[in-house]
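S.K.:
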Amino acid sequence: MAEIKIVITGAVGAGKTTAIGSISEIPVVSTDVAASDAVSAFKASTTVAMDYGELTLDDGSKLRIYGTPGQERFSFMWDILATGALGFVILVNHSSPTALADLDFYIKRFRKSIDESTMAVGVTHIGDNLSSMAKYYDYMNSQHLPYPIFPVDARKAADVRLMVEAMASMIIYE
Amino acid sequence: MKISIRVFDKDEQTFLATLIGQAAKRLNLDLTYTDAANAEVVFVKEDEPGAGLFAQACAHRQGPIAVVYGGQGYSWCLERPASTRSLIGLLPLLCAKLPAAELLDGLDAGGLEDSAELPRGLLPVKHGQDFLQQVGEFTATAAAWRARFGGDLQVFADRARGLAYLPESYSWRIRDLLRLALASERPQLHPLAAAGLGDVVVDMHSMPLEGFLWLAAQEAEPEPPGNISRAILQRKFKLKRWPSFSRFEHNSMHIVLSGQLMKQPSTLQELCSQSDWAPREVLKFYNSACMCDLLQLEEATTVAALGTGPIMPGIPARAEKAGVFSRILRRFAG
Chain A
8 MAEIKIVITG
18 AVGAGKTTAI
28 GSISEIPVVS
38 TDVAASDAVS
48 AFKASTTVAM
58 DYGELTLDDG
68 SKLRIYGTPG
78 QERFSFMWDI
88 LATGALGFVI
98 LVNHSSPTAL
108 ADLDFYIKRF
118 RKSIDESTMA
128 VGVTHIGDNL
138 SSMAKYYDYM
148 NSQHLPYPIF
158 PVDARKAADV
168 RLMVEAMASM
178 IIYE
Chain B
2 MKISIRVFDK
12 DEQTFLATLI
22 GQAAKRLNLD
32 LTYTDAANAE
42 VVFVKEDEPG
52 AGLFAQACAH
62 RQGPIAVVYG
72 GQGYSWCLER
82 PASTRSLIGL
92 LPLLCAKLPA
102 AELLDGLDAG
112 GLEDSAELPR
122 GLLPVKHGQD
132 FLQQVGEFTA
142 TAAAWRARFG
152 GDLQVFADRA
162 RGLAYLPESY
172 SWRIRDLLRL
182 ALASERPQLH
192 PLAAAGLGDV
202 VVDMHSMPLE
212 GFLWLAAQEA
222 EPEPPGNISR
232 AILQRKFKLK
242 RWPSFSRFEH
252 NSMHIVLSGQ
262 LMKQPSTLQE
272 LCSQSDWAPR
282 EVLKFYNSAC
292 MCDLLQLEEA
302 TTVAALGTGP
312 IMPGIPARAE
322 KAGVFSRILR
332 RFAG
């Protein structure tokens, strides 16, 4: 395996850059620019090419963590980043009115790569009421997707690690 | 199955051998007692010199399975005094661990009481069944409930909001509270209208109700496998969804078992025999998942794995990826 990488994807504002920053041992290398379109209404900057963080494993090799640009017009980067990925983390912003549609979009967009690897879904901005998770569970079941899905806070390293650990369990223990 | 009983006390050795023989007869198992090094299963008594070390050594290398008689916390334990029922539960699990796992196929299915369904809260636990069952029933039917533990200690639950309210933020004291409730204190439970919670919970600390239920079942000591209906031990089940592990205490075993049970249905017996974990811990996972209403029982005849899932075990690079993930998890652990 030439490159050990995990891809974190999801819509604008889902917390991809924050999630990478919470587990990366280096400062996140971002290609953020000032938002100039509709995104600027709720984000000062947005990622246009990718975010990058890394972790050193016990044999000295690097786990590379890439965040995709959220905006679809930068989607030419998605396939480049997805190639050869060990697994995918899809983040969904629950406070967005299109949260479920976003989840569906990203799963379908990366489905081929996911089928060849594994994935986990993190639902961000969901607060304390876990009953709101029901629609996401229903969606995953309806699509026959047994992959892990959790309510998460992208700022918490433990939550991001949980997603990686859970998606690893889908591959390690078969 | 070749068995060795390394218990110094002759009376106890005879007692154990008799019970094992009775259980094997009920199960139609072929047993051979041996003192030779080729024993496949070795029973050792916990308080005898070297028993613990022997059990630990067996757990970490190829060799006989060590069953610690009277021990706790080892991979394989047998409660003391033993009973035929507990051995009827244990022996099939041991058989399944051995290379000749087909021994399980011929088991006599009769003998123990079966139950077709397992209602939420009705768990195979040693103590606190009433408490857990009431909590399960109220959580399923009432908008809210209150558990009074004596004194001023109360726990409230709001089903609609999915929250439990505790007298203090989550701590080991909550575990102590639950242990007392499960052991003997018999807290009083009352269903409430959600509106009735009102100001009562304003100064209380909240945690996900699912987390509270998970914890309550974790604190309950499960019955030994021998006391559990075979309808439960041998019934395939899967998880309806992933537990919300990001919101409450869990361990790596819970994650792995969840992944396995999301992918395909398994029986408790299969989970105990496939994994390296103590059956007690697998049973605790089962109890917690049941308490949270996460279990989906499969039809008794259903044995096939989910066919529509995207898991593709045939991918050549899968083993390599599993190895890399193992390194990542070690990095997280370190």
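Protein sequences, first through last, are from chains A and B. For the first sequence, this note's numbering gives the first residue as 8, with consecutive numbering after it. For the second sequence, this note's numbering gives the first residue as 2, with consecutive numbering after it. The beta-carbon is built from N, C-alpha and C at its ideal position, and this holds for glycine as well. From a predicted model like this one, the values you see are computed outputs, not experimental measurements.
Taking 8 Å as the CB-CB limit, is residue 303 (chain B) close to chain A?
M.R.: If you number the second sequence from 1, residue 303 (chain B) lands on position 302. For residue 303 (chain B), the predicted structure reports a pLDDT of 38, less than 50, and the residue's modelled location is therefore unreliable. A value from the coordinates is still provided. It does not; no Cβ of chain A falls within 8 Å.
S.K.: What number of angstroms, rounded off, separates the C-alpha of residue 251 (chain B) from the C-alpha of residue 219 (chain B)?
M.R.: Along the second sequence, one-based indexing puts residue 251 (chain B) at 250. Along the second sequence, one-based indexing puts residue 219 (chain B) at 218. Their backbone Cα atoms lie some 10 Å apart in a straight line.
S.K.: In chain A, which residues lie less than 8 Å from residue 209 (chain B) when you measure between Cβ atoms?
M.R.: Mapped onto the second sequence, residue 209 (chain B) falls at position 208. 135, 137, listed in chain order.
S.K.: Pull up the CB-CB distance for residue 168 (chain A) and residue 333 (chain B), whole angstroms please, since I reckon it's below 8 Å.
M.R.: The residue given as residue 168 (chain A) occupies position 161 in the first sequence. The residue given as residue 333 (chain B) occupies position 332 in the second sequence. About 5 Å; that satisfies the 8 Å criterion.
S.K.: On the premise that residue 193 (chain B) lies in contact with residue 143 (chain B), defined as a C-beta separation below 8 Å, what is that separation, rounded to the nearest angstrom?
M.R.: Indexing the second sequence from 1 puts residue 143 (chain B) at position 142. Indexing the second sequence from 1 puts residue 193 (chain B) at position 192. That belief holds up - the Cβ atoms of residue 143 (chain B) and residue 193 (chain B) are roughly 7 Å apart, short of 8 Å.
S.K.: Note down the Cα distance separating residue 60 (chain A) from residue 176 (chain B), rounded to an integer number of angstroms.
M.R.: Translated into the one-based positions of the first sequence, residue 60 (chain A) becomes position 53. Translated into the one-based positions of the second sequence, residue 176 (chain B) becomes position 175. Distance between the alpha carbons of residue 60 (chain A) and residue 176 (chain B): 38 Å.
S.K.: Here's a check: name, in chain order, each residue in its chain whose Cβ is nearer than 6 Å to the Cβ of residue 99 (chain B), leaving out the five neighbours to either side.
M.R.: Counting from 1 along the second sequence, the entry for residue 99 (chain B) is found at position 98. Same-chain partners within the cutoff: 41.
S.K.: From residue 294 (chain B) to residue 196 (chain B), what distance separates their C-alpha atoms?
M.R.: Within the second sequence, the letter at position 293 stands for residue 294 (chain B). Within the second sequence, the letter at position 195 stands for residue 196 (chain B). Those two C-alpha atoms are separated by around 24 Å.
S.K.: Roughly how many angstroms separate the alpha carbons of residue 21 (chain A) and residue 181 (chain B), rounded to a whole number?
M.R.: Locating residue 21 (chain A) in the first sequence gives position 14, counting from the first residue. Locating residue 181 (chain B) in the second sequence gives position 180, counting from the first residue. So the alpha carbons of these two residues sit roughly 43 Å apart.
S.K.: Taking the Cβ atom as the reference point for each residue, do residue 173 (chain A) and residue 141 (chain A) lie within a distance shorter than 8 Å?
M.R.: Against the first sequence, residue 173 (chain A) aligns to sequence position 166. Against the first sequence, residue 141 (chain A) aligns to sequence position 134. In this structure, residue 141 (chain A) does not lie closer than 8 Å to residue 173 (chain A) by Cβ.
S.K.: What is the DSSP secondary structure of residue 145 (chain A), counted as helix, strand or coil?
M.R.: The residue given as residue 145 (chain A) occupies position 138 in the first sequence. Note: residue 145 (chain A) maps to helix in three-state DSSP.
S.K.: I'd like the ranges of any beta strand (DSSP E) spanning at least 3 consecutive residues and lying wholly in the region 214 to 244 of chain B.
M.R.: Within the region 214 to 244 of chain B, the complete beta strand (DSSP E) runs of at least 3 residues are 238 to 240.
S.K.: Does any residue of chain B bring its CB to less than 8 Å from the CB of residue 59 (chain A)?
M.R.: Counting from 1 along the first sequence, the entry for residue 59 (chain A) is found at position 52. No, no contact with chain B.
S.K.: Is residue 18 (chain A) close to chain B, meaning its C-beta is less than 8 Å from at least one C-beta of that chain?
M.R.: Translated into the one-based positions of the first sequence, residue 18 (chain A) becomes position 11. Output row for residue 18 (chain A): interface = no.
S.K.: State yes or no: is the C-beta of residue 216 (chain B) within less than 8 Å of the C-beta of residue 159 (chain B)?
M.R.: By 1-based counting over the second sequence, the position of residue 216 (chain B) is 215. By 1-based counting over the second sequence, the position of residue 159 (chain B) is 158. Against a cut-off of 8 Å, the Cβ pair of residue 159 (chain B) and residue 216 (chain B) comes out as no contact.
S.K.: How many Å lie between residue 28 (chain B) and residue 96 (chain B) at the Cα?
M.R.: Counted from its first residue, the second sequence places residue 28 (chain B) at position 27. Counted from its first residue, the second sequence places residue 96 (chain B) at position 95. Approximately 11 Å between the Cα atoms of the pair.
S.K.: Residues of chain A with CB under 7 Å from residue 163 (chain B), in chain order?
M.R.: Against the second sequence, residue 163 (chain B) aligns to sequence position 162. Residues of chain A passing the Cβ test: 136, 137, 138.
S.K.: At a CB distance below 8 Å, what residues from the region 240 to 257 of chain B approach chain A? Give them in sequence order.
M.R.: Under the 8 Å Cβ criterion, the region 240 to 257 of chain B contributes 241, 242, 243, 245, 246, 247, 248, 253, 256, 257.
S.K.: For a test of the three-state rule: what should DSSP assign to residue 148 (chain B), helix, strand or coil?
M.R.: As a position in the second sequence, residue 148 (chain B) is number 147, starting the count at 1. Note: residue 148 (chain B) maps to strand in three-state DSSP.
S.K.: Among the residues of its own chain, which have a CB less than 6 Å from the CB of residue 72 (chain B), if the five just before and after it don't count?
M.R.: Along the second sequence, read from residue 1 onward, the residue named residue 72 (chain B) stands at position 71. Only 47, 78 meet the Cβ criterion.
S.K.: Between residue 253 (chain B) and residue 170 (chain A), what straight-line distance do the alpha-carbon atoms span, to the nearest angstrom?
M.R.: The residue you call residue 253 (chain B) lines up with position 252 of the second sequence. The residue you call residue 170 (chain A) lines up with position 163 of the first sequence. Computed Cα separation, rounded: 12 Å.
S.K.: When you compare each of B:222, B:212, B:261 to residue 126 (chain B) by their alpha carbons, which one comes out closest?
M.R.: Residue numbering aside, residue 126 (chain B) sits at position 125 when the second sequence is read from its first letter. Of B:222, B:212, B:261, the residue nearest in Cα terms is B:222.
S.K.: Residues of chain B with a CB under 8 Å from the CB of residue 124 (chain A): which are they?
M.R.: Within the first sequence, the letter at position 117 stands for residue 124 (chain A). The contacting residues are 322.
S.K.: For the region 158 to 180 of chain A, which residues have a beta carbon sitting closer than 7 Å to at least one beta carbon of chain B?
M.R.: Against chain B - using a Cβ distance shorter than 7 Å - the residues of the region 158 to 180 of chain A are 158, 159, 166, 168, 169, 171, 172, 173, 175, 176, 177, 178, 179, 180.
S.K.: Could you spell out where the beta strand (DSSP E) holding residue 33 (chain A) opens and where it closes?
M.R.: Reading the first sequence from its first residue, position 26 is the one you call residue 33 (chain A). Unbroken run through residue 33 (chain A): none, as it is neither H nor E.
S.K.: For residue 159 (chain A) and residue 232 (chain B), what's the separation of their Cα atoms in angstroms?
M.R.: Position 152 of the first sequence holds residue 159 (chain A). Position 231 of the second sequence holds residue 232 (chain B). So the alpha carbons of these two residues sit roughly 37 Å apart.
S.K.: Entirely within the region 98 to 140 of chain A and at least 4 residues each: give me those alpha helix (DSSP H) ranges in chain order.
M.R.: With a minimum length of 4 residues, the continuous alpha helix (DSSP H) runs that stay inside the region 98 to 140 of chain A are 106 to 122.
S.K.: Within a Cβ cutoff of 6 Å, which residues of the same chain sit near residue 213 (chain B), ignoring the five residues on either side of it in sequence?
M.R.: For the purposes of this step, residue 213 (chain B) is taken as the residue at position 212 of the second sequence. So the list reads 165, once near-sequence residues are dropped.
S.K.: What does residue 98 (chain A) reach in chain B if we use C-beta pairs closer than 8 Å?
M.R.: Residue mapping note: residue 98 (chain A) aligns to position 91 of the first sequence, counting from 1. Correct list: empty, because the minimum Cβ distance to chain B is about 13 Å.
S.K.: Going by Cα to Cα distance, which pick from B:81, B:230, B:170 is closest to residue 208 (chain B)?
M.R.: The residue given as residue 208 (chain B) occupies position 207 in the second sequence. The shortest Cα separation from residue 208 (chain B) among B:81, B:230, B:170 belongs to B:170.
S.K.: Could you tell me the alpha carbon to alpha carbon distance between residue 14 (chain A) and residue 239 (chain B), rounded to whole angstroms?
M.R.: Within the first sequence, the letter at position 7 stands for residue 14 (chain A). Within the second sequence, the letter at position 238 stands for residue 239 (chain B). Near 29 Å, if we compare the C-alpha coordinates of residue 239 (chain B) and residue 14 (chain A).
S.K.: If you check the beta carbons only, do residue 273 (chain B) and residue 283 (chain B) fall under 8 Å apart?
M.R.: Here residue 273 (chain B) is taken as the residue at index 272 of the second sequence, counted from 1. Here residue 283 (chain B) is taken as the residue at index 282 of the second sequence, counted from 1. Against a cut-off of 8 Å, the Cβ pair of residue 283 (chain B) and residue 273 (chain B) comes out as a contact.
S.K.: Would a check of beta-carbon distances place residue 44 (chain B) closer than 8 Å to chain A?
M.R.: Residue mapping note: residue 44 (chain B) aligns to position 43 of the second sequence, counting from 1. No, because no Cβ of chain A sits closer than 8 Å to the Cβ of residue 44 (chain B).
S.K.: Under 7 Å Cβ to Cβ from residue 93 (chain A), same chain only, skipping five residues before and after it: list those, please.
M.R.: What you label residue 93 (chain A) is simply residue 86 of the first sequence in a count that begins at 1. 11, 12, 13, 124.
S.K.: For residue 34 (chain B), which residues of its own chain have a beta-carbon under 6 Å away from its beta-carbon, when the five flanking residues on both sides are left out?
M.R.: By 1-based counting over the second sequence, the position of residue 34 (chain B) is 33. Taken in chain order, the residues that qualify are 4.
S.K.: Could you give the DSSP three-state label for residue 71 (chain B): helix, strand or coil?
M.R.: To locate residue 71 (chain B), count along the second sequence from 1; it is residue 70. It is coil, neither helix nor strand.
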